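For the sequence shown, the positions run 1 to 109 when full-length UniProt numbering is used.
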Amino acid sequence: MSEKNTESEVIQYLMEHYLIRTHWFKSGIRQVTKDWTLQDDYQFLPEDAHDFLLDVFGHFTIDYSNFEGRNYFAYEYPIWQKKPLPEALKPLTVGMIIESAKAGKWLYD
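Okay, here's the thing in structure tokens:
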């Protein structure tokens, strides 16, 4: 699979399975780009992002054994558990998913 095909396939898959409307009350779908982030453009909660990533990693056969979700998403803790000190979260982009799909493994962290 060529690099351009991989990019097109990932974007097409996301457009088909995880589309975002331009307005919630009007028809129209936003075009996914490599610069989209899961935090800002998709606005996933950590649990939803986890399900999304498992689906995408599985579909494109990406080895995610070194993926650490806490680098990208702030998880909630029970009130009785001491919260860790806040850390700066990294953006997780569609471009990162595309590059990892080309390599067959998660390339970041």
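Ideal Cβ placement from N, Cα and C applies to all residues, glycine included. Please read all numbers here as calculations on a predicted model, not as lab measurements.
For residue 65, there is no enclosing beta strand (DSSP E), as DSSP marks it with neither H nor E. For residue 102, the enclosing alpha helix (DSSP H) begins and ends at 94-103. Following the DSSP letters along the chain, one finds residue 58 inside the alpha helix (DSSP H) bounded by residues 46-59. Excluding five sequence positions before and after residue 72, the CB atoms of its chain that fall closer than 8 Å to its own CB belong to 38, 39, 49, 89, 90, 91, 92, given in chain order. In this model, residue 47 and residue 18 are separated by some 15 Å (Cα to Cα).
Put simply, the backbone Cα of residue 14 is about 13 Å away from that of residue 58. By the Cβ-count criterion, residue 101 is buried, with 16 or more other Cβ atoms from all chains shown falling within 10 Å of its own Cβ.
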